[in-house]
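Protein chains in written order, with the working numbering: chain P, 842 to 1045; chain F, 476 to 653; chain U, 16 to 206. What follows is a short report on a single structure.
Here you go:
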């Protein structure tokens, strides 16, 4: 049981997909314009990662080496399609908001990376722990980024329709840069530098 | 001999099984969700139409034009228009009181610059179109009746152009119907 | 025609794949100082985008839509792209070994390049015609290559600049991305 939590914790800090492994930027930066999107995207990633890690780990002894990668891709694409359809049906507003970035989870290096590097070589329980840890790590990273972008860029924070707070000065005149694409680069650069400075990550 | 042949073919069998399983799962998910998706779409249109025509009791859809009825009486029309905005397509729902006057305009979706062009989604801009004659739908500086949003002329113009041209188009086909 | 120009300019510059849509970031951060490699990578990705757009448009219009199975698009697109990249990899290996070695790991990585799957999804979402899809792919690819080329030049200067230790490498590359994005943003009024 201790092993489970070890793998789980790894995904959050040491192997944090965004800040440490530097994987999966494409969808992350694009959807970090609001906290709602961050939550939705993380939910999608969680489901896909859980499903693919589980299945890949389950069949890892039976998969012939030649067809390994295509099999992984088909499995991941299947789960992504399922998530896409489910979101479209049950959370249409979120689905519209995430746009093409939801299906793009299929080429998110995180998912294929974990399948290849971990799930195909480890038993099912560890793979589940890994999936949960990495997803939560992804979610936390995305939460920080989108929190900063939304509060600085719009002056207020709303989660699923409920307005949490409005900042005093920025509420009237927010720094739009942060909600625009270049703002994502800026926040990401500063956060990466910060995490390196305080020692969480290694410098180059 | 037999075993060797099986070994060679096994990868293909394996991936075929996986593909079939995947296709099966996806098809099943689609059958479960397809109805919900259709329903959502309908509900969305219905609620937008109802907001525009509070007295609406039913509507029909023909040739891309919604005809709105209140207890059997025709009270207006509505249709979708698409404007070419700064950041992409702007989806607009246009409501007509009759064949000459705009009842209301609702911005369904847009991806304009936040804080500038995105203000076309504000009710103050939509209010500019209410009760305006279709021919007068253009910027005040172009001789029309609609005020552009300060600092968002391109986005404002995109909406105006789309509303006017599509309205003229739809009115033409309405007249041809009769 | 003006429609095609608008699509091209929009995807190449205003809504540039890398600095605006965040598609294709992996090669952007990994691009070397060598201009030649940046160009090769850009051209390779553009080529894959073009062929993938063609193939997926055909699949869309002759298989997915007629049979009402649009929901199979993700799985079909990615399989097409994976096969395409595999074929191109073999082709380059046979015809130009130096190029093959220069591109190294980045060549098979084109499969997971968000830009390639991205353009096919954009084409489907906007319901572009065949010509529009090809123009969109061309625009997106050229924009992608353009940013890669600019980045390779800047990378050269960055190597010898006195960057703070925590900013070295990825963070400062992100800042460059920000500046490029802001610059391209200014072109918004053309179309």
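We treat Cβ as the ideally placed atom computed from N, Cα and C, and that holds for glycine.
Shorter than 9 Å from the beta carbon of residue i to some beta carbon of chain F?
i, result
"residue 102(U)", "no"
"residue 942(P)", "no"
"residue 154(U)", "no"
"residue 143(U)", "no"
"residue 975(P)", "no"
"residue 985(P)", "no"
"residue 922(P)", "yes"
"residue 1007(P)", "no"
"residue 952(P)", "no"
"residue 193(U)", "no"
Less than 9 Å separating the beta-carbons of residue i and residue j?
i, j, result
"residue 86(U)", "residue 104(U)", "no"
"residue 868(P)", "residue 949(P)", "yes"
"residue 54(U)", "residue 42(U)", "no"
"residue 874(P)", "residue 1020(P)", "yes"
"residue 645(F)", "residue 571(F)", "yes"
"residue 893(P)", "residue 920(P)", "yes"
"residue 972(P)", "residue 890(P)", "yes"
"residue 4(U)", "residue 159(U)", "Given that chain U is displayed from residue 16 to residue 206, the structure contains no residue 4(U) and the question cannot be resolved."
"residue 582(F)", "residue 596(F)", "yes"
"residue 953(P)", "residue 127(U)", "yes"
"residue 1025(P)", "residue 870(P)", "yes"
"residue 916(P)", "residue 886(P)", "no"
"residue 1023(P)", "residue 197(U)", "yes"
"residue 90(U)", "residue 507(F)", "no"
"residue 27(U)", "residue 154(U)", "yes"
"residue 64(U)", "residue 175(U)", "no"
"residue 1014(P)", "residue 994(P)", "no"
"residue 794(P)", "residue 965(P)", "Here chain P covers residues 842 to 1045 and nothing more, so residue 794(P) does not appear."
"residue 531(F)", "residue 568(F)", "no"
Please tell me whether residue i has its Cβ less than 9 Å away from any Cβ of chain P.
i, result
"residue 548(F)", "no"
"residue 180(U)", "yes"
"residue 38(U)", "yes"
"residue 630(F)", "no"
In the DSSP assignment, the alpha helix (DSSP H) including residue i goes from what residue to what residue?
i, result
"residue 50(U)", "50 to 74"
"residue 554(F)", "First-last for residue 554(F): 548 to 560, but that is the beta strand (DSSP E), not the alpha helix (DSSP H)."
"residue 936(P)", "933 to 939"
"residue 92(U)", "88 to 110"
"residue 966(P)", "965 to 995"
"residue 135(U)", "129 to 140"
"residue 198(U)", "185 to 200"
"residue 1038(P)", "1022 to 1038"
"residue 40(U)", "40 to 45"
"residue 952(P)", "950 to 955"
"residue 599(F)", "598 to 602"
"residue 871(P)", "866 to 872"
What would DSSP say about residue i, mapped onto helix, strand or coil?
i, result
"residue 645(F)", "helix"
"residue 533(F)", "strand"
"residue 151(U)", "helix"
"residue 614(F)", "strand"
"residue 608(F)", "strand"
"residue 568(F)", "strand"
"residue 143(U)", "coil"
"residue 999(P)", "strand"
"residue 578(F)", "strand"
"residue 17(U)", "helix"
"residue 164(U)", "helix"
"residue 493(F)", "helix"
"residue 25(U)", "helix"
"residue 563(F)", "strand"
"residue 624(F)", "coil"
Using a Cβ-Cβ distance under 9 Å, would residue i count as near chain U?
i, result
"residue 504(F)", "yes"
"residue 561(F)", "yes"
"residue 925(P)", "yes"
Relative to the C-alpha of residue i, which residue among the options is closest?
i, options, result
"residue 504(F)", "887(P), 888(P), 922(P) and 907(P)", "922(P)"
"residue 100(U)", "44(U), 80(U), 131(U) and 110(U)", "131(U)"
"residue 906(P)", "483(F), 605(F), 609(F) and 526(F)", "483(F)"
"residue 643(F)", "549(F), 612(F) and 598(F)", "612(F)"
"residue 888(P)", "1010(P), 847(P), 975(P) and 1032(P)", "975(P)"
"residue 847(P)", "968(P), 1001(P) and 1012(P)", "968(P)"
"residue 546(F)", "555(F), 535(F) and 553(F)", "535(F)"
"residue 580(F)", "537(F), 532(F) and 631(F)", "631(F)"
"residue 169(U)", "48(U), 70(U) and 25(U)", "48(U)"
"residue 557(F)", "635(F), 491(F) and 649(F)", "635(F)"
"residue 626(F)", "619(F), 591(F), 639(F) and 610(F)", "591(F)"
Start and end of the beta strand (DSSP E) containing residue i?
i, result
"residue 1006(P)", "1003 to 1007"
"residue 881(P)", "It is not in any beta strand (DSSP E) - residue 881(P) instead sits in the alpha helix (DSSP H) that spans 876 to 899."
"residue 545(F)", "540 to 545"
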